[in-house]
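A quick write-up on the structure given underneath.
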(Lines of atoms letter the chains of each structure in order from A and count residues from 1; the text may use other names and numbers.)
(Lines give C-alpha, C1' and ligand atoms only; values in the text may rest on other atoms or scores of the structure.)
Protein backbone atom coordinates (compact mmCIF):
# COMPACT_ATOMS: atom_id res chain seq x y z
CA UNK A 1 0.00 0.00 0.00
CA UNK A 2 1.41 3.40 -0.96
CA UNK A 3 2.11 6.14 1.55
CA UNK A 4 -0.80 8.25 0.32
CA UNK A 5 -3.21 5.33 0.65
CA UNK A 6 -1.86 4.49 4.12
CA UNK A 7 -2.39 8.08 5.20
CA UNK A 8 -5.94 8.05 3.83
CA UNK A 9 -6.73 4.81 5.65
CA UNK A 10 -5.23 6.20 8.84
CA UNK A 11 -7.39 9.32 8.64
CA UNK A 12 -10.48 7.22 8.00
CA UNK A 13 -9.80 4.93 10.96
CA UNK A 14 -9.17 7.94 13.18
CA UNK A 15 -12.90 8.73 13.01
CA UNK A 16 -14.41 5.22 13.07
CA UNK A 17 -16.26 3.76 16.07
CA UNK A 18 -18.36 0.60 16.02
CA UNK A 19 -21.03 0.39 18.73
CA UNK A 20 -21.71 -3.22 19.69
CA UNK A 21 -24.67 -4.33 21.85
CA UNK A 22 -23.50 -6.27 24.90
CA UNK A 23 -25.30 -9.46 23.88
CA UNK A 24 -23.42 -9.68 20.56
CA UNK A 25 -19.85 -9.25 21.87
CA UNK A 26 -17.89 -12.41 21.14
CA UNK A 27 -15.60 -13.99 23.72
CA UNK A 28 -12.04 -13.74 22.41
CA UNK A 29 -8.55 -13.82 23.87
CA UNK A 30 -7.13 -10.31 24.00
CA UNK A 31 -3.47 -9.32 23.95
CA UNK A 32 -4.06 -7.11 26.99
CA UNK A 33 -7.02 -6.42 29.27
CA UNK A 34 -7.30 -3.65 31.84
CA UNK A 35 -10.08 -1.99 33.82
CA UNK A 36 -10.72 1.72 34.40
CA UNK A 37 -12.66 2.72 37.51
CA UNK A 38 -13.33 6.43 37.85
CA UNK A 39 -14.84 8.59 40.57
CA UNK A 40 -14.99 5.92 43.25
CA UNK A 41 -15.26 8.62 45.95
CA UNK A 42 -14.31 6.35 48.85
CA UNK A 43 -14.69 8.16 52.17
CA UNK A 44 -13.84 6.53 55.47
CA UNK A 45 -17.26 7.23 57.00
CA UNK A 46 -19.38 6.45 53.91
CA UNK A 47 -20.47 2.82 53.99
CA UNK A 48 -22.14 3.06 50.59
CA UNK A 49 -18.93 4.18 48.84
CA UNK A 50 -16.94 1.49 50.64
CA UNK A 51 -19.40 -1.19 49.61
CA UNK A 52 -19.56 -0.02 45.99
CA UNK A 53 -15.80 0.01 45.47
CA UNK A 54 -15.40 -3.44 47.00
CA UNK A 55 -18.23 -4.79 44.85
CA UNK A 56 -16.66 -3.27 41.72
CA UNK A 57 -13.34 -4.99 42.44
CA UNK A 58 -15.13 -8.30 42.99
CA UNK A 59 -17.16 -7.93 39.81
CA UNK A 60 -14.10 -7.15 37.65
CA UNK A 61 -12.39 -10.25 39.02
CA UNK A 62 -15.43 -12.40 38.25
CA UNK A 63 -16.45 -10.94 34.88
CA UNK A 64 -12.97 -10.32 33.46
CA UNK A 65 -10.52 -12.56 35.35
CA UNK A 66 -7.91 -11.96 32.64
CA UNK A 67 -7.62 -8.29 33.71
CA UNK A 68 -3.94 -7.46 34.15
CA UNK A 69 -4.08 -3.83 35.29
CA UNK A 70 -6.45 -1.55 37.16
CA UNK A 71 -6.60 2.22 36.67
CA UNK A 72 -8.29 4.41 39.28
CA UNK A 73 -8.94 7.51 37.22
CA UNK A 74 -9.26 10.25 39.81
CA UNK A 75 -11.55 11.26 42.66
CA UNK A 76 -10.37 8.43 44.86
CA UNK A 77 -11.91 10.09 47.92
CA UNK A 78 -11.89 13.57 49.42
CA UNK A 79 -8.15 13.84 49.99
CA UNK A 80 -8.27 13.08 53.71
CA UNK A 81 -5.67 10.67 55.16
CA UNK A 82 -8.53 8.55 56.53
CA UNK A 83 -9.95 8.19 53.01
CA UNK A 84 -6.64 6.89 51.68
CA UNK A 85 -6.42 4.47 54.60
CA UNK A 86 -9.89 3.15 53.86
CA UNK A 87 -9.07 2.86 50.16
CA UNK A 88 -6.07 0.68 50.98
CA UNK A 89 -8.09 -1.37 53.43
CA UNK A 90 -10.59 -2.17 50.68
CA UNK A 91 -7.79 -3.06 48.26
CA UNK A 92 -6.32 -5.38 50.89
CA UNK A 93 -9.65 -7.15 51.34
CA UNK A 94 -10.58 -7.59 47.69
CA UNK A 95 -8.28 -9.33 45.17
CA UNK A 96 -7.34 -7.14 42.23
CA UNK A 97 -4.68 -6.94 39.51
CA UNK A 98 -1.14 -6.44 40.77
CA UNK A 99 -0.64 -3.55 38.36
CA UNK A 100 -2.36 -0.53 39.93
CA UNK A 101 -2.25 2.95 38.41
CA UNK A 102 -3.74 6.20 39.68
CA UNK A 103 -4.58 9.67 38.37
CA UNK A 104 -5.27 12.66 40.58
CA UNK A 105 -8.74 14.21 40.55
CA UNK A 106 -10.12 17.49 41.83
CA UNK A 107 -11.53 15.76 44.92
CA UNK A 108 -8.01 14.83 46.01
CA UNK A 109 -7.80 18.51 47.04
CA UNK A 110 -11.07 18.58 49.00
CA UNK A 111 -9.53 18.39 52.45
CA UNK A 112 -9.15 22.15 51.99
CA UNK A 113 -12.95 22.51 52.15
CA UNK A 114 -13.20 20.94 55.63
CA UNK A 115 -12.06 21.76 59.15
CA UNK A 116 -9.97 19.41 61.29
CA UNK A 117 -13.12 17.56 62.34
CA UNK A 118 -14.04 16.94 58.66
CA UNK A 119 -16.98 19.31 58.90
CA UNK A 120 -17.70 21.45 55.81
CA UNK A 121 -15.95 24.80 56.20
CA UNK A 122 -16.19 26.51 52.83
CA UNK A 123 -16.03 30.02 54.27
CA UNK A 124 -12.56 29.37 55.74
CA UNK A 125 -11.05 27.68 52.65
CA UNK A 126 -8.32 26.38 52.48
CA UNK A 127 -8.42 25.61 56.21
CA UNK A 128 -4.66 25.35 56.52
CA UNK A 129 -4.39 22.87 53.66
CA UNK A 130 -1.87 23.53 50.88
CA UNK A 131 -1.82 22.10 47.38
CA UNK A 132 1.56 20.57 48.19
CA UNK A 133 0.01 18.60 51.06
CA UNK A 134 -2.83 17.32 48.87
CA UNK A 135 -0.48 16.29 46.07
CA UNK A 136 1.95 14.66 48.52
CA UNK A 137 -0.77 12.42 49.94
CA UNK A 138 -1.77 11.38 46.44
CA UNK A 139 1.84 10.63 45.48
CA UNK A 140 2.29 8.46 48.55
CA UNK A 141 -0.72 6.47 47.38
CA UNK A 142 0.41 6.17 43.77
CA UNK A 143 4.06 5.57 44.60
CA UNK A 144 5.08 8.05 41.90
CA UNK A 145 7.36 11.09 41.98
CA UNK A 146 4.97 13.28 39.99
CA UNK A 147 1.29 13.39 39.10
CA UNK A 148 2.25 12.54 35.51
CA UNK A 149 4.12 9.37 34.61
CA UNK A 150 4.49 6.56 32.09
CA UNK A 151 4.12 2.80 32.22
CA UNK A 152 4.52 0.16 29.50
CA UNK A 153 2.57 -3.09 29.68
CA UNK A 154 2.95 -5.77 27.01
CA UNK A 155 4.32 -3.18 24.62
CA UNK A 156 1.40 -0.77 25.13
CA UNK A 157 2.18 2.69 26.48
CA UNK A 158 0.11 4.10 29.34
CA UNK A 159 0.47 7.84 29.99
CA UNK A 160 -1.03 9.33 33.14
CA UNK A 161 -1.68 13.06 33.40
CA UNK A 162 -2.86 15.14 36.32
CA UNK A 163 -3.52 18.58 37.68
CA UNK A 164 -0.63 20.30 39.43
CA UNK A 165 -2.66 23.12 40.98
CA UNK A 166 -5.95 23.78 42.67
CA UNK A 167 -7.69 26.96 43.81
CA UNK A 168 -5.05 28.04 46.34
CA UNK A 169 -2.68 29.06 43.54
CA UNK A 170 -5.40 30.56 41.36
CA UNK A 171 -9.13 30.59 42.19
CA UNK A 172 -9.78 30.68 38.43
CA UNK A 173 -8.55 27.08 38.21
CA UNK A 174 -11.81 26.03 39.88
CA UNK A 175 -12.17 22.25 39.43
CA UNK A 176 -10.24 22.14 36.15
CA UNK A 177 -6.95 20.33 35.56
CA UNK A 178 -3.91 22.60 35.42
CA UNK A 179 -1.14 21.08 33.29
CA UNK A 180 2.23 22.83 33.45
CA UNK A 181 4.40 23.55 30.42
CA UNK A 182 6.76 20.86 31.69
CA UNK A 183 3.98 18.28 31.80
CA UNK A 184 2.76 19.16 28.32
CA UNK A 185 6.28 19.02 26.91
CA UNK A 186 6.82 15.66 28.61
CA UNK A 187 3.57 14.43 27.05
CA UNK A 188 4.67 15.44 23.55
CA UNK A 189 7.96 13.60 23.98
CA UNK A 190 6.26 10.47 25.29
CA UNK A 191 3.67 10.47 22.50
CA UNK A 192 6.35 10.74 19.84
CA UNK A 193 8.23 7.81 21.35
CA UNK A 194 5.13 5.66 21.92
CA UNK A 195 3.87 6.20 18.38
CA UNK A 196 6.88 4.31 17.02
CA UNK A 197 5.40 1.07 18.38
CA UNK A 198 2.44 1.27 15.99
CA UNK A 199 0.15 0.36 18.91
CA UNK A 200 -2.68 2.35 20.47
CA UNK A 201 -1.54 4.79 23.16
CA UNK A 202 -3.62 4.86 26.34
CA UNK A 203 -3.78 8.28 28.02
CA UNK A 204 -5.56 8.98 31.32
CA UNK A 205 -6.71 12.26 32.85
CA UNK A 206 -9.49 12.79 35.36
CA UNK A 207 -11.05 15.83 33.66
CA UNK A 208 -12.28 15.69 30.04
CA UNK A 209 -11.64 18.18 27.28
CA UNK A 210 -14.59 20.56 26.77
CA UNK A 211 -17.11 19.80 24.06
CA UNK A 212 -16.15 16.16 23.69
CA UNK A 213 -17.57 13.29 25.75
CA UNK A 214 -20.92 13.25 27.56
CA UNK A 215 -21.13 15.76 30.38
CA UNK A 216 -18.12 17.77 29.27
CA UNK A 217 -20.34 20.74 28.39
CA UNK A 218 -22.27 20.83 31.67
CA UNK A 219 -21.60 24.27 33.23
CA UNK A 220 -20.80 22.75 36.62
CA UNK A 221 -17.92 20.82 35.09
CA UNK A 222 -16.21 24.02 33.96
CA UNK A 223 -13.67 24.03 31.19
CA UNK A 224 -12.27 20.67 32.29
CA UNK A 225 -8.67 21.49 31.47
CA UNK A 226 -7.15 24.96 31.85
CA UNK A 227 -4.76 24.26 28.96
CA UNK A 228 -7.46 22.53 26.89
CA UNK A 229 -6.32 23.91 23.53
CA UNK A 230 -2.70 22.95 24.09
CA UNK A 231 -3.61 19.45 25.25
CA UNK A 232 -5.99 18.85 22.36
CA UNK A 233 -3.37 19.99 19.83
CA UNK A 234 -0.78 17.59 21.19
CA UNK A 235 -3.13 14.61 21.29
CA UNK A 236 -4.59 15.38 17.86
CA UNK A 237 -1.22 14.73 16.24
CA UNK A 238 -1.48 11.06 17.21
CA UNK A 239 -4.62 9.25 15.95
CA UNK A 240 -3.69 6.13 17.94
CA UNK A 241 -4.36 7.94 21.21
CA UNK A 242 -7.30 6.90 23.39
CA UNK A 243 -7.96 9.39 26.20
CA UNK A 244 -9.86 8.00 29.21
CA UNK A 245 -11.53 10.57 31.48
CA UNK A 246 -14.02 10.72 34.33
CA UNK A 247 -15.22 13.73 36.36
CA UNK A 248 -18.65 14.11 34.74
CA UNK A 249 -20.16 10.92 36.27
CA UNK A 250 -22.39 10.67 33.17
CA UNK A 251 -23.59 7.09 32.78
CA UNK A 252 -22.32 4.71 30.11
CA UNK A 253 -25.55 4.46 28.09
CA UNK A 254 -25.56 8.11 27.03
CA UNK A 255 -24.57 9.44 23.59
CA UNK A 256 -21.02 10.76 23.31
CA UNK A 257 -19.69 8.21 25.79
CA UNK A 258 -17.01 7.31 23.24
CA UNK A 259 -16.08 9.84 20.56
CA UNK A 260 -13.37 9.95 17.92
CA UNK A 261 -12.10 13.23 16.49
CA UNK A 262 -8.47 12.87 15.36
CA UNK A 263 -8.04 10.75 18.49
CA UNK A 264 -10.48 8.79 20.65
CA UNK A 265 -11.98 9.87 23.97
CA UNK A 266 -13.85 7.74 26.51
CA UNK A 267 -16.04 8.88 29.39
CA UNK A 268 -15.67 6.25 32.13
CA UNK A 269 -18.90 6.93 34.09
CA UNK A 270 -18.56 6.51 37.87
CA UNK A 271 -18.27 3.71 40.39
CA UNK A 272 -19.64 5.88 43.17
CA UNK A 273 -22.43 7.85 41.48
CA UNK A 274 -23.35 7.43 37.78
CA UNK A 275 -25.57 10.28 36.64
CA UNK A 276 -28.34 10.71 34.10
CA UNK A 277 -28.02 12.93 31.05
CA UNK A 278 -29.73 15.73 32.97
CA UNK A 279 -26.84 15.59 35.48
CA UNK A 280 -29.30 14.29 38.07
CA UNK A 281 -28.27 11.43 40.36
CA UNK A 282 -30.22 8.21 40.57
CA UNK A 283 -32.00 7.37 43.83
CA UNK A 284 -29.35 6.05 46.26
CA UNK A 285 -31.35 2.90 46.91
CA UNK A 286 -30.70 1.79 43.31
CA UNK A 287 -27.02 1.47 44.18
CA UNK A 288 -25.87 2.19 40.63
CA UNK A 289 -22.19 1.73 39.89
CA UNK A 290 -20.36 1.56 36.53
CA UNK A 291 -16.90 1.21 35.04
CA UNK A 292 -14.97 0.13 31.98
CA UNK A 293 -13.06 -2.95 30.83
CA UNK A 294 -10.68 -2.48 27.90
CA UNK A 295 -9.44 -5.29 25.65
CA UNK A 296 -6.59 -4.70 23.21
CA UNK A 297 -6.31 -6.86 20.08
CA UNK A 298 -3.80 -6.68 17.22
CA UNK A 299 -6.19 -4.70 14.99
CA UNK A 300 -8.58 -2.98 17.40
CA UNK A 301 -9.40 -1.94 20.94
CA UNK A 302 -12.69 -3.08 22.48
CA UNK A 303 -14.07 -0.82 25.22
CA UNK A 304 -16.81 -2.46 27.29
CA UNK A 305 -19.09 -0.80 29.80
CA UNK A 306 -19.87 -2.73 32.96
CA UNK A 307 -22.73 -2.27 35.44
CA UNK A 308 -21.23 -3.41 38.74
CA UNK A 309 -24.47 -3.07 40.68
CA UNK A 310 -26.15 -5.89 38.79
CA UNK A 311 -23.22 -7.70 37.15
CA UNK A 312 -24.18 -6.83 33.59
CA UNK A 313 -22.21 -5.95 30.47
CA UNK A 314 -23.28 -2.71 28.81
CA UNK A 315 -22.72 -1.57 25.25
CA UNK A 316 -19.22 -2.03 23.85
CA UNK A 317 -17.31 0.14 21.38
CA UNK A 318 -14.74 -1.19 18.92
CA UNK A 319 -12.02 1.18 17.74
CA UNK A 320 -10.18 -0.23 14.71
CA UNK A 321 -6.51 0.57 14.15
CA UNK A 322 -4.49 -0.12 11.02
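Residue numbers (the UniProt record's numbering): 1 to 322. Think of the CB as a built atom: it goes at the ideal place given N, C-alpha and C, for glycine as much as any other residue. Since the structure is predicted, the reported quantities are computational estimates derived from the model, not experimental observations.
query: Proximity winner among 91, 59, 33 and 55, relative to residue 66 (alpha-carbon distances); result: 33
query: Bounding residues of the beta strand (DSSP E) (the contiguous stretch that carries residue 218); result: That residue, residue 218, is in no beta strand (DSSP E); it is neither H nor E in DSSP.
query: Limits of the alpha helix (DSSP H) - the one that residue 138 falls within; result: 131-142
query: For residue 185, the three-state DSSP class (helix, strand or coil); result: helix
query: DSSP three-state assignment for residue 32, whether helix, strand or coil; result: strand
query: Beta-bridge pairing of residue 103 - partner residues as DSSP gives them; result: 73
query: Inter-stretch contact at 8 Å, needing at least 3 Cβ pairs: the region 289-297 / the region 88-106; result: no
query: C-alpha distance - residue 18 paired with residue 260, whole-angstrom precision; result: 11 Å
query: The ligand SAM heavy atom lying under 6 Å from the CB of residue 278; result: Questions concerning the ligand SAM fall outside what the structure shown contains, since it holds no ligand whatsoever.
query: Cα-Cα separation between residue 283 and residue 272, rounded to whole angstroms; result: 12 Å
query: Assigned secondary structure, residue 192 (DSSP; H/G/I helix, E/B strand, else coil); result: helix
query: Buried or exposed (CB count within 10 angstroms, at least 16 for buried), residue 172; result: exposed
query: Secondary structure of residue 45, DSSP reduced to three states; result: coil
query: Close-in-space but distant-in-sequence residues of the same chain around residue 279 (CB under 6 Å, 5 per side omitted); result: 218
query: Sufficient close CB pairs (3 or more, under 8 Å) joining the region 305-322 to the region 73-84; result: no
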